[in-house]
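In the working numbering, the protein residues as written are 61 to 284. Glycine included, every Cβ here is placed at the ideal spot set by N, Cα and C. What you are looking at is a predicted structure, and each value in this text was computed from that prediction instead of being measured.
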C-alpha cells in the first residue's frame, strides 16, 4: 500500500515542479518584455527631448519656467515644466502631450510624429512666456502709486474757473482731525465746569445742612 501511494504522489509532485518552472520562465520573459518596453519608451522620449531642446534654448535668459527632463518612474514621462509633460500611449508609439490645469488634465496634442509634438511644444512654450510677461506687468502695475492728474492751464498760465485742485488725503484728514480736536477740547472744558459746579453745590448743601450749625456752636455767628 505504501509503495502504491508513493507512486501516485510522484507524478503530482513532478508536475507541480514543472508548473513552477514554467511559471518562473513566463515571469522572466514577461519581466524582460516589460523592461524592453520601458527602454523603448524612454528611447522615444529621449528622441523627443533632443528635438525640442533647441526650442527651449531660445527662451530668454533668466527665465526658469522650463526644466525639461525624463522621469523614469512607473510610467516614463518627459516633463517640460511643473504642469506640462509628454508620455506615450498604450501602443508605445503615440506621443501624448498633457497640461495640468485648475480644471483638470488637458490633452494638448496627440500624434505618433515627433514634428507635430515639437510644434505643439513650441506653441506651449510661447504661451507660457506670454503669461509670464503679463503676470510681471500686473505685479508692477499693482505696486505703482496712481499719479495725480495735472491741473489744466490756460495760455497765460492761470487755472480755469471752476477747477479745484484735489488736496491730498493727508490734508483732508488733518482738517477733520483739527475739528475733532476742537470739539473734544470744548467737551472737556464743559465737563470741568460741570464738575466744579457740582462740587460747589455739594459744598453749599453740606454748609446749609450741618456746617452752619456746627460753626455757630463752636465759633459764634457764621460768616455767611
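8 Å contact criterion, which residue i and residue j should meet: CB distance rounded
| i | j | result |
| --- | --- | --- |
| residue 141 | residue 127 | 7 Å |
| residue 184 | residue 144 | 6 Å |
| residue 100 | residue 137 | Going by Cβ atoms, the distance from residue 100 to residue 137 rounds to 15 Å, so no, they are not a contact pair. |
| residue 135 | residue 147 | 6 Å |
| residue 165 | residue 125 | Contact flag wrong, Cβ pair sits at about 19 Å. |
Three-state class that DSSP yields for residue i in the structure shown
| i | result |
| --- | --- |
| residue 156 | strand |
| residue 228 | Summary for residue 228: the model assigns pLDDT 49, below 50, so the residue's position carries little reliability; its value from the coordinates is reported in the next sentence. If DSSP states are grouped into helix, strand and coil, residue 228 belongs with coil. |
| residue 110 | helix |
| residue 260 | helix |
| residue 135 | coil |
| residue 126 | coil |
| residue 168 | strand |
| residue 101 | helix |
| residue 140 | coil |
| residue 86 | helix |
| residue 96 | helix |
| residue 54 | Absent from the structure is residue 54, since the part of the chain shown begins at 61 and ends at 284. |
| residue 220 | For residue 220, the predicted model reports a pLDDT of 49, less than 50, meaning its position is unreliable; a value from the coordinates is still stated below. Note: residue 220 maps to coil in three-state DSSP. |
| residue 119 | coil |
| residue 173 | coil |
| residue 275 | helix |
| residue 75 | helix |
Residue i versus residue j: straight-line alpha-carbon distance, rounded
| i | j | result |
| --- | --- | --- |
| residue 258 | residue 270 | 18 Å |
| residue 196 | residue 190 | 10 Å |
| residue 113 | residue 157 | 16 Å |
| residue 88 | residue 94 | 10 Å |
| residue 276 | residue 267 | 12 Å |
| residue 11 | residue 272 | Here the chain covers residues 61 to 284 and nothing more, so residue 11 does not appear. |
| residue 120 | residue 241 | 59 Å |
| residue 161 | residue 193 | 19 Å |
| residue 274 | residue 238 | 52 Å |
| residue 172 | residue 83 | 35 Å |
| residue 67 | residue 76 | Because the pLDDT of residue 67 is 48, which lies under 50, any placement of that residue in the model is unreliable, and the question is left without a value. |
| residue 255 | residue 249 | 10 Å |
| residue 286 | residue 149 | Here the chain covers residues 61 to 284 and nothing more, so residue 286 does not appear. |
| residue 182 | residue 163 | 23 Å |
| residue 85 | residue 115 | 46 Å |
| residue 90 | residue 97 | 10 Å |
| residue 154 | residue 80 | 37 Å |
| residue 226 | residue 246 | With a pLDDT of 49 at residue 226, under the threshold of 50, the modelled position of this residue cannot be trusted, and the question is left open. |
| residue 167 | residue 78 | 48 Å |
| residue 251 | residue 265 | 21 Å |
Which residues DSSP lists as bridging residue i, in chain order
| i | result |
| --- | --- |
| residue 268 | Answer is none; residue 268 lacks a bridge partner. |
| residue 148 | 155 |
| residue 161 | 164 |
Residue-level contact to chain C via CB, residue i, 8 Å cutoff
| i | result |
| --- | --- |
| residue 78 | Of the chains in the structure shown, none is chain C; there is only one protein chain. |
Sufficient close CB pairs (3 or more, under 8 Å) joining the region 162-181 to the region 108-115: yes
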